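Remarks on the structure that follows.
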Amino acid sequence: MPKLSLVAIAIASVASSYVLATGCSSKDDPGNPAVSDTGTTADAGAELTKFSPKGCAYTVARTKVEQLGMFELHADVASADPQLKNVRRGLGGEVDHGTAAYADPSKSFTVGWQTEVSTLASRIRYGESPDKLDQAADGFSFVIPQQIKIGPEDGLRFHEVHVCGLTPGRTYHYQVGGGAPGKEVWSPVYSTSTAPAAKDAVKIGISGDSRDELGRTELPVWRSIAGRYKADGTHLVLFSGDMVLMGVNQDNWDRWMTATGVSGTSVFYALSPGNHENEQARAFAHMLMPGAATANAERYSSFDYGPVHIVMIDDYPGIVSSSIDDTAHREELLAWLDADLTKANANRAAVPWIVTFHHHPFYSDTTRTERAKDMASVRGALQALWDKHKVDVDLAGHDHFYERFRPLLAGEKEDAKGTTYMVNGASGAPSYGLLEATPLAAFKTRYDPDKGEGIYGIATVDTASFKVKMYKLAASGSTPADDTVIDEFEVAKK
137 MPKLSLVAIA
147 IASVASSYVL
157 ATGCSSKDDP
167 GNPAVSDTGT
177 TADAGAELTK
187 FSPKGCAYTV
197 ARTKVEQLGM
207 FELHADVASA
217 DPQLKNVRRG
227 LGGEVDHGTA
237 AYADPSKSFT
247 VGWQTEVSTL
257 ASRIRYGESP
267 DKLDQAADGF
277 SFVIPQQIKI
287 GPEDGLRFHE
297 VHVCGLTPGR
307 TYHYQVGGGA
317 PGKEVWSPVY
327 STSTAPAAKD
337 AVKIGISGDS
347 RDELGRTELP
357 VWRSIAGRYK
367 ADGTHLVLFS
377 GDMVLMGVNQ
387 DNWDRWMTAT
397 GVSGTSVFYA
407 LSPGNHENEQ
417 ARAFAHMLMP
427 GAATANAERY
437 SSFDYGPVHI
447 VMIDDYPGIV
457 SSSIDDTAHR
467 EELLAWLDAD
477 LTKANANRAA
487 VPWIVTFHHH
497 PFYSDTTRTE
507 RAKDMASVRG
517 ALQALWDKHK
527 VDVDLAGHDH
537 FYERFRPLLA
547 GEKEDAKGTT
557 YMVNGASGAP
567 SYGLLEATPL
577 AAFKTRYDPD
587 KGEGIYGIAT
597 VDTASFKVKM
607 YKLAASGSTP
617 ADDTVIDEFE
627 VAKK
């Protein structure tokens, strides 16, 4: 296997490393659609290391590494028969809360998709009516070569377009594609909505660990859960990692994207890397998340979604695994977390809730007792910060069952003012063993994916309340009403 630094350590290379633009732009000041290495406006056909989306106040930057092509701008270049696949909704922006470049899902969205290598057209057209897509935005593309020769090679070029200057709580319709005038090829029309204002209620999905045992199935449990989110009108899904069996395998990602596609074109899936993503460039290329302007881009993100401040971290490098970029990632992450959570706490009058999500749990009653060391590492790195800043809810996966702990403060001390820790690694991955009742656990249950079972959650949140329902998926049905509510609770205000 190549040295990890080629595709894993330098996460900023994965097409979504963000740096602050030199001048903040607005709807009336669209800014440069593309900026060359010398800072001048670039023409189509240019190869770039950074890209300034039109109308956005941030710049998308690429760090030079092997196995990843330069950003390319060819809005009118398409193959004779372009294959548009894996269309997905995301979010761009910076992670420095309070700046003009900070990620804002109420006024922007990002769209990604894939094609064969020869199609470079990266354009979307969009509007507020499906019959009137009267606005357009150009993006960029890049190539990650196939590293495991499994499956087709028609999804190795990644396309990304950022749209800013939108209206909160508004539905927009869009198509992806492009090509030469008169010869454009477009996807079907999709729709997505911007986040509402902070005072409005939102629905947030809770999921994790959809990967199968051998990487060969069509992920039927996860497909059903993704469909439930669409049917329910869920705004945002927080997915705590292990989407696929092997992060380096494009065939695994194609299967996951096909299953997610029943809602992924409209619902924003905020993704946290898991150990099975293995810090691979291909994995991060599928994650359209805000990021920092450092070599650790997309290893941590935050944004406000309605009344909730969301924080995502990659807890594998430097916390659970000491072999991957240990000191640099850990120090940078902890400093950023302290600063971000300080600002979020100060902003609770407007955005009252703080939710964190990542892959490895603080607590778990798994029968895999060798994982106790990893949990201790997570607590050792993060728990003091969570207590200091009064994090309301922490979501994790990794262990393939569902478990909720009583609010905890200062380690294993039950306290109503503490954080509610949840483990939900039950979106289709092989089920794990679960210990009998323990004092700190409020609820726990296993599931059997071979019987079509899965576990997912939907949190309904407004400025005054945070209510969660956890469902066990029925073998048939299409909406949450067809499933069984297995756990229901309300998070107390701090």
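Position 356 of the sequence shown, counting from 1, maps to 492 under the working numbering, and the rest follow consecutively. Backbone N, C-alpha and C define an ideal beta-carbon position, used for all residues, glycine too. Quick caveat: nothing in here was measured; it's all calculated off a predicted structure.
Item                                                                                                                    : Value
In DSSP terms, what residue 455 is bridged to                                                                           : DSSP lists no partner for residue 455.
The beta strand (DSSP E) enclosing residue 379, as first and last residue numbers                                       : It is not in any beta strand (DSSP E) - residue 379 carries neither H nor E in the DSSP assignment.
N- and C-terminal bounds of the alpha helix (DSSP H) containing residue 530                                             : Note, residue 530: premise wrong, no alpha helix (DSSP H); beta strand (DSSP E) at 529-532.
Close-in-space but distant-in-sequence residues of the same chain around residue 232 (CB under 7 Å, 5 per side omitted) : 238
Residues near residue 608 by beta carbon distance below 7 Å, same chain, minus five either side                         : 583, 589, 591, 619, 620, 622
Rounded separation between residue 313 and residue 392 - CA only                                                        : 21 Å
Rounded distance between the beta-carbons of residue 539 and residue 501, thought under 8 Å                             : 6 Å
Euclidean distance between Cα positions of residue 625 and residue 382                                                  : 34 Å
Inter-stretch contact at 8 Å, needing at least 3 Cβ pairs: the stretch 427-447 / the stretch 471-478                    : yes
Residue 236 versus residue 194: straight-line alpha-carbon distance, rounded                                            : 8 Å
Integer Cβ distance of residue 256 from residue 210, believed to fall under 8 Å                                         : 3 Å
Close beta carbons around residue 598, own chain, < 7 Å, minus the five adjacent residues each side                     : 337, 443
Cβ-based neighbour list, residue 224, same chain, cut-off 6 Å, excluding 5 preceding and 5 following                    : 248, 400
Pair within 9 Å by beta-carbon distance, residue 530 and residue 496                                                    : no
Cβ distance (whole Å) where residue 555 is taken to contact residue 528 below 8 Å                                       : 7 Å
Cβ-based burial, residue 370 [other Cβ within 10 Å; buried from 16]                                                     : buried
Limits of the unbroken alpha helix (DSSP H) element including residue 615                                               : It is not in any alpha helix (DSSP H) - residue 615 carries neither H nor E in the DSSP assignment.
Burial state of residue 587 (16 or more Cβ within 10 Å)                                                                 : exposed
CB contact flag (residue 561, residue 345, <9 Å)                                                                        : yes
Residue 413 versus 377, 519, 245, 451, residue with shortest Cα-Cα distance                                             : 377
Which of helix, strand or coil DSSP assigns to residue 466                                                              : helix
Boundaries (first-last residue) of the alpha helix (DSSP H) holding residue 460                                         : Unbroken run through residue 460: none, as it is neither H nor E.
Entirely enclosed alpha helix (DSSP H) segments - the stretch 271-347, minimum 4 residues                               : none
Anticipated Cβ contact below 8 Å, residue 273 with residue 284, distance rounded                                        : The Cβ separation is near 33 Å, so there is no contact.
Residue span of the beta strand (DSSP E) that contains residue 437, given as start and end                              : 436-441
Classification of residue 390 by the beta-carbon crowding that lies within 10 angstroms, buried from 16 upward          : buried
Local Cβ density within 10 Å of residue 421, reported as buried at 16 or more and exposed below that                    : buried
Cutoff 7 Å; reference residue 426; Cβ partners in own chain excluding five residues on either side                      : 154, 227, 228, 229, 230, 231, 239, 437, 439
Exposed unless 16 or more other CB atoms sit within 10 angstroms - verdict on residue 270                               : exposed
Closest residue to residue 616 among 630, 629, 595 (Cα-Cα distance)                                                     : 595
Inter-residue CB distance, residue 301 and residue 397 (contact presumed, cutoff 8 Å)                                   : Wrong, their Cβ atoms sit about 27 Å apart, outside the cutoff.
For residue 445, the first and last residue of its enclosing beta strand (DSSP E)                                       : 444-449
Residue 195 in three-state terms, based on DSSP                                                                         : strand
Assigned exposure category for residue 519 - 16 Cβ within 10 Å defines buried                                           : buried
Anticipated Cβ contact below 8 Å, residue 219 with residue 251, distance rounded                                        : 6 Å
Contact check, residue 374 vs residue 406, beta carbons under 9 Å                                                       : yes
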